[in-house]
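Q: Positions 24 to 403 (the numbering used here) are the ones given, in order, by the sequence shown.
Each residue gets a CB set at the ideal place from its N, CA and C atoms; glycine is no exception.
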Amino acid sequence: MDARRQVCGTGRPGRTLALWGGAAALALVGGGVAIGTVNATVYSPEAQVERYLDALAGGDGAAALGLAGGTGTGADSTGTGDSGTGDSKTPVPPPGTATTLLDGEPLAAGFAALEDVTVSRGEETGNGVEVEVGYRVDGEDHATTFTVEHEGRDWLFFDRWRMAPVALSTVRVEPGVWPAEAAGQHLAGTVNGEEVTLTGESSPVQDFAVLPPAAVSGAATSTYLEADPVRTVVDGADPSAPLPLTLTLRYTDAVAEEANRQVDDYLSGCTEQQVLHPAGCPMGYDTLNRIPPDSISWSVAPDPAVEVEPLPADDEGGEGASGETDVTVAAPVRTEARLTLEEIDLVTGERRRVEHAEPVVLEADLQVGPESVRYVPQAP
């Protein structure tokens with residue numbers, strides 16, 4: 024009986040140790056695989072760039088700027104913490120550069136315009152790795168390359184990465200053609216859906232700081248000057264030179280409406296004068312006979328219509344910012360002035376009714392600004 028207990032007793036510990044050993048081996052193998060998988064995904068250089076792109080997509084400017092300045096490291100980085108190196112360089116736009124596109128909906132809109140976004144690892148560069156972000160905008164392929172630097176390890180196993188500083192790009196929004204008479208006036212518009220005001224001493228212009236990659240769309244929305252949305256892609260390849268975003272301006276329908284209202288007011292002021300030669304007006308009547316003033320009645324028919332010639336295209340020698348060429352032109356207005364009156368012959372005293380008509384060709388200086396229209400007739 025004692026021998027059987029011994030056999031039984033010595034047999035059980037052997038089987039137990041074998042089971043524990045196998046489990047430990049599996050745990051080590053499984054743990055190694057898990058660590059490798061996590062390190063290759065969550066703690067990879069691509070993941071750091073993906074967190075930056077997530078910040079752009081979410082309109083989180085603080086996080087995006089933090090990551091772009093190298094303050095975000097590790098898998099749980101939000102871009103607002105310190106990397107621990109003390110040499111972070113959060114991008115700062117130059118003086119006078121608008122920060123509209125660096126946060127909120129304008130920031131998110133810039134990234135939302137990118138389609139088929141891919142993130143892939145490229146070549147190693149010293150202590151870093153190049154990570155390429157590919158995307159399409161309006162059917163064309165584009166790419167932005169980031170450098171991600173190795174900063175050491177966390178918990179002995181997990182690599183710590185951070186993005187090398189990303190320079191802010193600049194997009195310069197301005198009209199291609201600008202009326203000389205509108206020098207110094209402000210132009211209302213939108214950039215990535217955000218309402219903005221462009222200003223300038225001659226023609227309006229504004230620089231906007233941009234975190235790449237992004238698409239920037241701009242339009243003009245003033246009362247009398249407008250421009251359809253145009254878009255440019257910011258890939259960050261040359262941040263030292265502003266990317267032009269040129270607005271092709273045109274007159275709104277309100278320009279002709281306001282010009283017609285003003286010419287109607289002008290001609291009404293002429294026809295209301297019971298004189299043979301209305302002051303400042305393009306019509307008149309000469310006679311040697313006596314005219315009772317209350318018999319004088321002027322009218323104009325047909326109703327004149329002002330035709331405003333379109334602004335020249337940007338590549339047609341338009342004035343742009345030079346302010347030297349008058350690009351605002353209205354075609355001459357053609358109508359007819361009609362006069363009825365009573366003449367009294369100075370010799371016989373005979374009275375007779377007179378109806379007189381004469382063609383009128385009215386030329387004018389048309390001045391159009393973003394929020395103003397001035398129609399100035401050039402009367403004899």
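In the DSSP assignment, find the alpha helix (DSSP H) that holds residue 117 and state where it starts and stops.
A: Reading the sequence shown from its first residue, position 94 is the one you call residue 117. From DSSP, residue 117 is part of no alpha helix (DSSP H); its letter is neither H nor E.
Q: Between the segment 238-253 and the segment 288-297, can you find at least three pairs of beta-carbon atoms closer than 8 Å?
A: No, they do not touch.
Q: Once you ignore the five residues that flank residue 112 on each side, which residues in its own chain have a CB closer than 7 Å to its CB?
A: In the sequence shown, counting from the first residue as 1, residue 112 sits at position 89. If we look at residue 112 and ignore the five residues flanking it on each side, its Cβ neighbours are 92, 93, 188.
Q: Measure how close the beta-carbons of residue 242 and residue 250 come, nearest whole angstrom, since I'm counting them as under 8 Å.
A: For this step, residue 242 is matched to residue 219 along the sequence shown. For this step, residue 250 is matched to residue 227 along the sequence shown. Their Cβ separation, rounded to whole angstroms, is 6 Å, which keeps residue 242 and residue 250 in contact under 8 Å.
Q: Would you list the residues sitting across from residue 241 in a DSSP beta bridge?
A: Walking along the sequence shown from the start, residue 241 turns up at place 218. Looking at the DSSP assignment, residue 241 forms a beta bridge with 214, 253.
Q: Do residue 356 and residue 332 have their C-beta atoms closer together than 8 Å?
A: Position 333 of the sequence shown, counted from the start, is the residue given in the question as residue 356. Position 309 of the sequence shown, counted from the start, is the residue given in the question as residue 332. No, they are not a contact pair.
Q: Nearest-angstrom Cα distance between residue 150 and residue 173?
A: As a first step, residue 150 is located in the sequence shown; it is residue number 127 there, counting from the start. As a first step, residue 173 is located in the sequence shown; it is residue number 150 there, counting from the start. One C-alpha to the other measures close to 6 Å.
Q: Do you know how far the Cα of residue 255 is from the Cα of residue 239?
A: If you number the sequence shown from 1, residue 239 lands on position 216. If you number the sequence shown from 1, residue 255 lands on position 232. Taking the straight line joining both Cα atoms gives about 5 Å.
Q: Relative to the C-alpha of residue 126, which candidate in 84, 384, 207 has its C-alpha closest?
A: To locate residue 126, count along the sequence shown from 1; it is residue 103. Of the candidates 84, 384, 207, the one whose C-alpha sits nearest the C-alpha of residue 126 is 84.
Q: What are the residues that DSSP puts in a beta bridge with residue 182?
A: Your numbering for residue 182 matches position 159 in the sequence shown. DSSP lists 176 as partners of residue 182.
Q: Please check if any C-beta of chain B sits within less than 8 Å of the C-beta of residue 81.
A: In the structure shown, chain B cannot be found, because there is only a single protein chain.
Q: Less than 8 Å between the C-beta atoms of residue 142 and residue 156, yes or no?
A: Translated into the one-based positions of the sequence shown, residue 142 becomes position 119. Translated into the one-based positions of the sequence shown, residue 156 becomes position 133. Yes, the pair counts as a contact, with Cβ atoms nearer than the cut-off.
Q: Could you pull out every unbroken alpha helix (DSSP H) segment of at least 4 residues lying fully inside the segment 273-349, listed in chain order?
A: Qualifying alpha helix (DSSP H) stretches, in chain order: 276-294.
Q: Measure from the alpha carbon of residue 383 to the alpha carbon of each residue in 398, 311, 324, 374, then state which is nearest.
A: Within the sequence shown, numbered from 1, the residue matching residue 383 stands at position 360. The option with the nearest alpha carbon to residue 383 is 324.
Q: If you reduce the DSSP assignment to three classes, tell me which class residue 75 lands in.
A: The residue you call residue 75 lines up with position 52 of the sequence shown. DSSP places residue 75 in helix when its eight states are reduced to three.
Q: Have a look at residue 132 and residue 214 and give me their C-alpha separation to the nearest angstrom.
A: The count along the sequence shown starts at 1 and reaches residue 132 at position 109. The count along the sequence shown starts at 1 and reaches residue 214 at position 191. Their Cα atoms are separated by approximately 10 Å.
Q: Taking the alpha-carbon of residue 73 as reference, which of 361, 129, 144, 222 has the nearest alpha-carbon?
A: Residue 73 sits at position 50 when you count from the first residue of the sequence shown. Selected option, being the one with the closest Cα: 144.
Q: Around the C-beta of residue 259, are 16 or more other C-beta atoms found within 10 angstroms, so that it is buried, or is it exposed?
A: Here residue 259 corresponds to residue number 236 of the sequence shown, with the count starting at 1. Buried, because 16 or more other Cβ atoms sit within 10 Å of the Cβ of residue 259.
Q: Within the continuous beta strand (DSSP E) that includes residue 127, where are the two ends?
A: In the sequence shown, residue 127 corresponds to position 104, counting from 1. Segment 127-135 is the alpha helix (DSSP H) holding residue 127; no beta strand (DSSP E) there.
Q: Please report the distance separating the alpha-carbon of residue 67 from that of residue 217.
A: For the purposes of this step, residue 67 is identified with residue 44 of the sequence shown, where counting begins at 1. For the purposes of this step, residue 217 is identified with residue 194 of the sequence shown, where counting begins at 1. Looking at the two C-alpha atoms, the distance is approximately 35 Å.
Q: So, for residue 191: in the same chain, excluding its five sequence neighbours on each side, which residues have a beta-carbon less than 7 Å away from its beta-carbon?
A: For the purposes of this step, residue 191 is identified with residue 168 of the sequence shown, where counting begins at 1. If we look at residue 191 and ignore the five residues flanking it on each side, its Cβ neighbours are 114, 116, 232, 233, 234, 262.
Q: What is the residue span of the beta strand (DSSP E) that residue 387 lies within?
A: Counting from one through the sequence shown, the residue named residue 387 turns up at place 364. Unbroken beta strand (DSSP E) run through residue 387: 387-392.
Q: What three-state label does DSSP hand residue 365 in the structure shown?
A: Along the sequence shown, one-based indexing puts residue 365 at 342. Looking at residue 365 - three-state DSSP - the assignment turns out to be strand.
Q: If the criterion is Cβ atoms closer than 8 Å, does the pair residue 267 and residue 361 meet it?
A: For the purposes of this step, residue 267 is taken as residue 244 along the sequence shown, with counting starting at 1. For the purposes of this step, residue 361 is taken as residue 338 along the sequence shown, with counting starting at 1. Going by C-beta atoms, residue 267 is not nearer than 8 Å to residue 361.
Q: Whose CA, out of 363, 147, 403, lies closest to the CA of residue 317?
A: One-based indexing of the sequence shown puts residue 317 at position 294. Here the closest residue by C-alpha is 363.
Q: Measure the alpha-carbon distance for residue 303 versus residue 320 and round it to whole angstroms.
A: One-based indexing of the sequence shown puts residue 303 at position 280. One-based indexing of the sequence shown puts residue 320 at position 297. Each residue's alpha carbon lies about 17 Å from the other.
Q: How big is the Cα-Cα spacing for residue 139 and residue 122?
A: Here the question's residue 139 lines up with position 116 in the sequence shown. Here the question's residue 122 lines up with position 99 in the sequence shown. About 27 Å.
Q: Assuming residue 198 and residue 226 form a contact by the criterion Cβ under 8 Å, report the distance between their Cβ atoms to the nearest whole angstrom.
A: In the sequence shown, counting from the first residue as 1, residue 198 sits at position 175. In the sequence shown, counting from the first residue as 1, residue 226 sits at position 203. So it is a contact: roughly 6 Å between Cβ atoms.
Q: Among the candidates 402, 176, 335, 154, whose CA atom is the shortest distance from the CA of residue 168?
A: Within the sequence shown, the letter at position 145 stands for residue 168. Of the candidates 402, 176, 335, 154, the one whose C-alpha sits nearest the C-alpha of residue 168 is 154.
Q: Would residue 136 be called buried (16 or more neighbouring beta carbons within 10 Å of its own) or exposed?
A: Position 113 of the sequence shown holds residue 136. Its Cβ being crowded by 16 or more others within 10 Å, residue 136 is buried.
Q: What residue range is occupied by the uninterrupted beta strand (DSSP E) comprising residue 268?
A: For the purposes of this step, residue 268 is taken as residue 245 along the sequence shown, with counting starting at 1. 266-270 is the extent of the beta strand (DSSP E) around residue 268.
Q: Return yes when the Cβ of residue 334 is within less than 8 Å of the Cβ of residue 273, no when it is not.
A: Position 250 of the sequence shown, counted from the start, is the residue given in the question as residue 273. Position 311 of the sequence shown, counted from the start, is the residue given in the question as residue 334. Yes, Cβ-Cβ distance for residue 273 and residue 334 is below 8 Å.
Q: Out of curiosity, what's the CA-to-CA distance linking residue 4 and residue 164?
A: The structure shown does not extend to residue 4, since the chain is modelled only from 24 through 403, so no value can be given for it.
Q: Sorted by chain position, which residues of the same chain lie with C-beta nearer than 8 Å to residue 80's C-beta, five sequence neighbours on each side aside?
A: Residue numbering aside, residue 80 sits at position 57 when the sequence shown is read from its first letter. These residues qualify, in order along the chain: 131, 134, 135.
Q: Alpha carbon to alpha carbon, how far is residue 89 from residue 175? Give it in angstroms, no decimals.
A: Numbered from its first residue, the sequence shown carries residue 175 at position 152. Numbered from its first residue, the sequence shown carries residue 89 at position 66. Spanning the two alpha carbons is a distance of roughly 19 Å.
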